[in-house]
Structures are given as C-alpha cells and as structure tokens.
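Visitor:
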C-alpha cells in the first residue's frame, strides 16, 4: 500500500464528504434556527435529484439544473414550512418531528407514483467526465468539481451569514428570536427563508450526488442517516461542525473502505460513538440545545 | 393626547392570571415610572405591551392606534422601543453587530454609519469596544449597549425594564443622566425600576403596581414624600 493510494483515498473521502456537508448544513441551519429536526430533509435531497432529471430533460443543461434545482425545491420547502410546519411552532420538538417524518413518507410515495420505482440514469456531464492529473495521482474530474462547488457554496454562505444584514438577523435569530422581534424583525419570515435555504441545499446535494449515487426513490434513505451522524458529530445546530464533521465522516468512510472494507458502513457510527464519548454535544455543539 | 394608553390589561402565564386589569397612560414627552415589589407584574406589563405574553386581553393604544394584538415586530417601526430586563445582548455578535441589529429593521437602516457615529459619541465606552464580543462587556456596558441598540431606531417612546439592576453605582449615575438628557430632548420614557428614588427623580409621574393591579398613582414628588407608600409597596 503506497502513500499515493492513501492520499487518493483521502481525497475521495473529501469529495464524498462534500455531499454530507451540503446535506448536514441544511439540516443544521434549520435546526439551529427553528429547533426543528427535519426528518423530510433527505427526501428534499432525493427530490433535488428528480427535479434535476426533469430540468436536464427539458434544457439539456446540467448547469441549468444546478441553478434551478435549489430554487424550485427551496420554494417547495418554503411552502411546506408556511403551510404545514408553521402551525406547530411553540409546541415542542416532537410535533414538527412527527410531521416532517410523515411529510418525508408522502414525498417518497409521490415520487414512486409519478416517476416509478425504477432508477433513472443520470450521466456525468460531458465536460466533467474523465480524470485530471494532480501530479501525485489521477483524480476524477467530477469529484474535483464537487469539492470546488462545495467550497464555493461555503464561501457564499459564510459571506451571506457574516457580512450581510440578512445573515446578521439569522445569526441573532438563532440565539434570541425574542429580542430580534423586539428590534422590529418579523422572525417568521426569517424562519421561512432559512427553511428554504436548508431544503435548497439538500436539493443541490441531491443533484450533485446524482451522477455518483444514481437517481431512485429510496436514494434519500441512507442520506438521512448520514446527515444525522454528521450533525451529531459536528454538534446540533453548528454550521462549522457540519462542515468539519461532514469531511471527517467522508474521509473515515473512504479510508475504512481501503483498509477494512467490511466495516465501511459501520465506520461512521464508530466515529460518532467515539466523538460522543469525549464530547457528548458533538465537536461544536453548544450547551442548552436539546438538553 | 397620550402617547401610550393602557386600558384594562390582563395577561396570563399558563394558568396564572398575572395582570388583572392594569390601566395607565404616558403622555407625550413624559417620563413615567412603574414601581412595585418583585413579582408585582411590572415586567409582565411591559412584555404585554410588547406583545410578548401569549395570552393578553384589554387595550394598548400607542399614538392612538390599538396594538394589543399586533405582532411584536410591528412596534419598533411605529416608534416604540423596549430594553428588556436582562439586556439581551446577543451572544456571538460583536458590539457593532448588536447595534446594527437595532437598525436592520428600522427606518434608519440606510444611515448606519451616521447612527453608529452618533451612538459612539453618546456612549464613549462603547466606541472603544465596537469590535469586541457583546457578551464580554461588563454588566453596565451591556446595559448601555442595550439602550444604544434600542435608541438606534430613533423611537418616540422607550420602555426600560430595571436598567440599574446589577450595575456599578457610578454607571447608574451616568445612565440616569443620559435618561434625563433624552427626556429633555423630547423622548417619552416608561421605566420600571427598583431604585425608586432615582426613578422618581427622573419621572414626572409614577404608578404603583401590586399583585397585577395599579393600586396608586401620583406625581413623583408626592410619592417620594410618602414614606407609608414607599414602605408598603417598594420594600424589596
């Protein structure tokens, strides 16, 4: 086993981790602000892939799909928040949890009914097929692209949250929604937007994952588990935690598949167990959330 | 015309009926103080006016408009600001970001630089600490920040809940001097305060709250001179 191979596998883990990061970011953003554990999150991920298939069929452009999918699914997420979830605010964490669980089942069945239970092929866009020579090894272009897109989204999200008035409101709203209202902000609109951003991110992850994972109705099922592992490892509601834990889980899974393939699926749970032993709130979790 | 008129205000926390028909008014340019023991209902009165108490009935007229059932966030734009008891400096935000938070939804949002300059002039202690985390400030400085944040939107009426609580005496002096200046500039003030002497020195009139009701009202001088009332309702 050479150093090159280990490095390659680590890189693969980072690329794999980008999907985890995007899904967990949305989950964490929604939890941090709305204190809602969104069990339908992975179905918005799946929906993203299917909307991607439709956009691709209509426009023929993967790039159009990348832009339109988060907008369309994010808008759908906003409708769900306003119509279904909003009446449950202030009723404790379990009501929205049950509701989103049911919503996820409904989305899954609707997709099965209208798009069929068979998988749909989703080709890697032509410009991104093949591999690039990184000097040490050849790396698939599409995976490199995943890392680039995710990095760009992280920078954009950071800028939005840290440098714009909307971001200021979102950060303050996560800590103290009451004072934000006293200062004249309609917090329910903030929640709506955040739910839209969160589901939009999940959908974007779905369309990005489509060329690797394939498109089928159940594609979201493992994602929900992965996203929860990432969120728990990173700390509920922590965005930095979601990023670091997402990459850590990606690298762990990828490395385990190299050294001990039988343990691949289990490895992320072991990582979670180890982290929880030392940091019960996750790497960046803060006190008070869910205590 | 009075700026704020509260009529038969009732409020509940869960099943407990906290406010039982509170009524008072605050005229334009006036400073009015609510006095009473801990648990008398002073804070609940302010929170009900802000729409922060879940179940509330009665009438709250602000500048002639009924606001009892309007959502909390509508009030700042109408000119009603509130500095809550525990200051509520948002953790994870710098002093400057906390100030900006007072501007984001106000008509002053396009004049941020000017307003921040003005605040820095009024509160020199904050000027040196603009880029410090808000929750690393001392209690007094946090109170100043909370007041500055509420003033950023140029309200017409400011409601202050226990501004002197847990603050060094020298800062309390500074703060009440500021309130007097603001009053002189025409700001209407409704203040809840344990520090009765100071509050009455600032206020034109006061209402005494006990067990969720207004039990007495008068001009400040009268109440200051009445030891019986002070002993009965203001002992801590």
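Protein chains in written order, with our numbering: chain A, 842 to 1132; chain B, 36 to 271. For every residue, glycine included, the Cβ atom is placed at its ideal position computed from N, Cα and C.
For a cutoff of 7 Å on Cβ pairs, would you count residue 1116(A) as touching chain B?
Guide: no
Visitor: Please confirm whether residue 48(B) has its beta-carbon closer than 7 Å to some beta-carbon of chain A.
Guide: no
Visitor: Which residues in chain A have a C-beta closer than 9 Å to the C-beta of residue 164(B)? List them in chain order.
Guide: Here the premise fails: no neighbours, minimum Cβ distance about 18 Å.
Visitor: Using a Cβ-Cβ cutoff of 7 Å, what residues of the stretch 127-158 of chain B are near chain A? List them in chain order.
Guide: Identification of residues in the stretch 127-158 of chain B having a C-beta nearer than 7 Å to some C-beta of chain A yields 127, 128, 132, 135, 136, 137, 139, 140, 141, given in sequence order.
Visitor: Could you pull out every residue in the same chain whose Cβ sits closer than 6 Å to the Cβ of residue 84(B), ignoring the five residues on either side in sequence?
Guide: 95
Visitor: If you drop the 5 nearest sequence neighbours on each side, which residues of the same chain put their C-beta closer than 8 Å to that of residue 107(B)?
Guide: 85, 86, 87
Visitor: Taking C-beta pairs closer than 7 Å, name the residues in chain B that residue 1083(A) reaches, listed in chain order.
Guide: Result: empty, since nearest Cβ-Cβ is about 16 Å, beyond 7 Å.
Visitor: Taking 7 Å as the threshold (beta carbon to beta carbon), is residue 186(B) in contact with chain A?
Guide: No - not a single Cβ of chain A is within 7 Å of the one on residue 186(B).
Visitor: Counting Cβ pairs closer than 8 Å, one from the stretch 58-76 of chain B and one from the stretch 210-229 of chain B, do we hit at least three?
Guide: yes
Visitor: Check distances from the C-beta atoms of the stretch 1013-1024 of chain A to those of chain B and list, in chain order, the residues that come in under 8 Å.
Guide: Against chain B - using a Cβ distance shorter than 8 Å - the residues of the stretch 1013-1024 of chain A are 1013, 1016, 1017, 1019, 1020, 1021, 1022, 1023, 1024.
Visitor: Of all the residues that make up the stretch 78-94 of chain B, which are near chain A by a beta-carbon distance shorter than 7 Å?
Guide: Listed in chain order, the positions of the stretch 78-94 of chain B with a beta carbon within less than 7 Å of a beta carbon of chain A are 85, 87.
Visitor: Could you spell out where the beta strand (DSSP E) holding residue 223(B) opens and where it closes?
Guide: 223-227
Visitor: Tell me, please, whether the CB atom of residue 171(B) is closer than 7 Å to any CB atom in chain A?
Guide: Judged by the 7 Å Cβ criterion, residue 171(B) is not in contact with chain A.
Visitor: Within 10 angstroms of its Cβ, does residue 233(B) collect 16 or more other Cβ (buried), or is it exposed?
Guide: buried
Visitor: Counting only the same chain and skipping the five closest in sequence on each side, list residues whose C-beta sits under 8 Å from that of residue 271(B).
Guide: Caution applies to residue 271(B), whose pLDDT of 48 falls short of 50 and renders its modelled position unreliable; the model cannot decide the point.
Visitor: Do you know whose CA, among 242(B), 90(B), 246(B), 191(B), lies nearest residue 252(B)'s CA?
Guide: 242(B)
Visitor: Quick test of your reading: residue 138(B) and residue 147(B), contact by CB under 8 Å. State the CB separation rounded to the nearest angstrom.
Guide: 6 Å
Visitor: Label residue 891(A) either buried or exposed according to how many other C-beta atoms from any shown protein chain fall within 10 Å of its C-beta, with 16 as the threshold for buried.
Guide: buried
Visitor: Is the CB of residue 111(B) under 7 Å away from at least one CB in chain A?
Guide: Yes - at least one Cβ of chain A is within 7 Å of the one on residue 111(B).
Visitor: Pairing CB atoms from the stretch 1058-1076 of chain A with CB atoms from the stretch 1112-1124 of chain A, are three or more of them under 8 Å?
Guide: The stretch 1058-1076 of chain A vs the stretch 1112-1124 of chain A: in contact.
Visitor: Heavy atom of the ligand FAD less than 6 Å from the Cβ of residue 260(B), yes or no?
Guide: As presented, the structure is devoid of all ligands, the ligand FAD included, so that no description of it is given.
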